[in-house]
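For the sequence shown, counting from 1, position 28 maps to 91 in this note's numbering; every step adds exactly one. C-beta: ideal position from N, C-alpha, C; glycine also.
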Amino acid sequence: MVTYEITFYLAAIALLVLTVESCVRLLNGDSFSITLAVYVTVFGWYFVDPFLNPEQYSYIPSYLISQSYGQVLLFLVGFRCFMPIAIRRIVQRRNLGVLAAERFTPEQVLMASGAIWLVLLLIGIARMGGDVIGALFPIDSRAGATMWGRGAIETSATGFLVASAGYIFNAITAFLGVLIFFQRTTFWRLVAGAMFVISLPYFLFEGARSHFLAVLLPFIITYLFYGRQLLIIKVAVLGVAFISLDHGFKLVTAFRGTGFRDLLSAEHPYELVDEDLRQSGLNMIQELCFVNAYLDSGLASPAYGGRYLNELLNVIPRAIWPSKPLIGIDYAKWRGLEDPNSELGVVATVSTGMIGGGVLNFGRFFGPLAAGIILALWTGLLIRWWQQRSSLLRLVLFMLGAGLTFNLGRDITLLVLWPVVFAYC
């Protein structure tokens, strides 16, 4: 269906041209090439799913598909036009604090990170009743308990603390993966690698693909930049990693609701896997069509930044602000997820995508431009951290932020960025 629309080709051509521009700048060593992360994000969330799951688009009116790809084009234009302004406002500002951070050695940074990791791991194991294996390998996934899962007994205040600890554990684990490449002795490289590898199963089995990507992508990006192997070997490793992630995430999507216990204990586990199992969840262009239909229905109007403001205010614990606005409940109800028996009134909320969120905030025309401006500001911050990479602390912060950029394609929200916010603090 999407290939029938002229706006699809216009958006695809614009994305290709901008990607080529960033690749050329990358070959020239220009930090502006970090914009490539945003273009990969747009491609992954808005151009892949219609070809993986074409039947999901057969019932969507063509005018909605055409309108949505026109908004993707607007997003790209807004992002690229605002990038020079973002660089002038963010990148070129001085920061004397970086000079003080340069004195820390890689071993000192690793020891500090490792100490925080160990404390959080011990707290997580204690929350699991001392079950070390269950904490590190939560094979029951969402059907069971996890180290940083918020149970029914959690109050608003304790739930805030648990969630904060989970985000910090996510950030510290990503740090460990990056720090492997900067240790000056084999011993410290092995220490960093051991802590990183021990943590990975938790993020895979807990069932949140975004958390696993937030941990793994900084490691992969650092390997591509700082690994000592030949470029062809790096490309081959990247290809294997992509294939492994693709198959692994398919299994996570299929079994995270019921757990992996039966799959791991089966004599012939492949018999439990659907042969037609396909990657799902990359359907932000479909969700953008729904967002436009939602506004067309007259049940909602642009919030003029109100939804973004609610996202920012979400940091305040409900124990302090009992009437804190709920996020995305109205849209989830319209999407058919209403549940009168649920505390929130819905079974789950729905991610609208970075462009869809902009449309809900500022309308069909200005919304994509607003989303592009926000991503330009974020990219400007990443470029600033990259140019401050003489400080190892800023370099690992950049790698974490770059790894989180892809997750922003699902929603521009602090729920994605909390690991880097806590890491920055």
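Segment contact flag, the segment 64 to 76 with the segment 418 to 427, C-beta cutoff 8 Å, min 3 pairs: no
My understanding is that Q119 touches N355, with C-beta atoms under 8 Å, so please give their C-beta distance in whole angstroms. Wrong, their Cβ atoms sit about 16 Å apart, outside the cutoff.
Paired residues, beta bridge with V410 - DSSP: Answer is none; V410 lacks a bridge partner.
Using beta-carbon positions only, say whether L139 and A100 come within less than 8 Å of one another. no
Close Cβ partners of R252 (< 7 Å) along its chain, the five nearest in sequence each way excluded: I243, Q246
Find the nearest neighbour of V410 within the set G426, W449, G391, judged by alpha-carbon distance. G391
D325 lies in the alpha helix (DSSP H); which residues open and close that run? 324 to 328
With distances taken Cα to Cα, identify the nearest neighbour of A226 among G193, V241, M210. M210
DSSP three-state assignment for L68, whether helix, strand or coil: Per the sequence presented here, residue 68 reads as Glu, with Leu not at that position. Residue state, collapsed to three classes: coil.
Chain-order list of residues whose beta-carbon lies under 6 Å from that of W481 (same chain, five-residue window excluded): Y230
Are the beta-carbon atoms belonging to D203 and G322 less than 8 Å from one another? yes
For A439 and W397, I'd like the C-alpha separation in whole angstroms. 31 Å
According to DSSP, simplified to helix, strand and coil, what is E269? coil
How would you write the range of the alpha helix (DSSP H) that V135 sits in, first residue to last? 125 to 149
Buried or exposed for F470, going by 16 or more other Cβ atoms inside 10 Å? It is worth fixing the name first, because residue 470 is Asn in this sequence and not Phe. Classification of N470: buried, given that the 10 Å Cβ count is 16 or more.
Distance, F353 Cα to A395 Cα: 11 Å
In whole angstroms, give me the CA-to-CA distance for A277 and W108. 16 Å
Taking 8 Å as the cut-off, does the segment 369 to 377 touch the segment 135 to 154 (at least 3 CB pairs, one atom from each stretch)? no
Contacts around G311, its chain only, beta-carbon distance under 8 Å, and the 5 residues preceding and following it disregarded: L267
Rounded to whole angstroms, what is the Cα-Cα separation between A215 and E406? Model confidence at A215 stands at a pLDDT of 48, short of 50, so the residue's coordinates are unreliable; what they give is reported in the following sentence. Cα to Cα, A215 sits roughly 11 Å from E406.
Contact belief for K297 with Y289 at Cβ below 8 Å, rounded distance in angstroms: Rounded, the Cβ-Cβ distance is 10 Å, inconsistent with contact.
Return the residue from the list Q134, S453, L81, A75 that minimises the CA-CA distance to L432. Q134
By Cβ distance, which residues of its chain are closer than 7 Å to F38, with the 5 residues on each side in sequence left out? The question about residue 38 has no answer, for the chain in this structure spans 64 to 488.
Taking all protein chains shown into account, do 16 or more other C-beta atoms lie within 10 angstroms of the C-beta of S262, making it buried, or fewer, making it exposed? buried
By DSSP, does A215 sit in helix, in strand, or in coil? Bear in mind that the predicted position of A215 carries a pLDDT of just 48, short of 50, making it too unreliable to give a figure here.
Please work out which residues of its chain come closer than 6 Å, Cβ to Cβ, to G443, disregarding the five sequence neighbours upstream and downstream, and give them in chain order. A149, I150, I153, V154
Does any residue of chain B bring its CB to less than 8 Å from the CB of F461? Here chain B cannot be found, since the structure has a single protein chain.
Mind reading off the beta-carbon distance from I348 to D112? Whole number of angstroms is fine, and I expect it under 8 Å. 6 Å
Backbone CA spacing between V260 and L185 [nearest angstrom]: 16 Å
Extent of the continuous alpha helix (DSSP H) to which N470 belongs: 455 to 471
Same chain, Cβ closer than 6 Å to S96, neighbours up to 5 away in sequence not counted: S85, R88, L89
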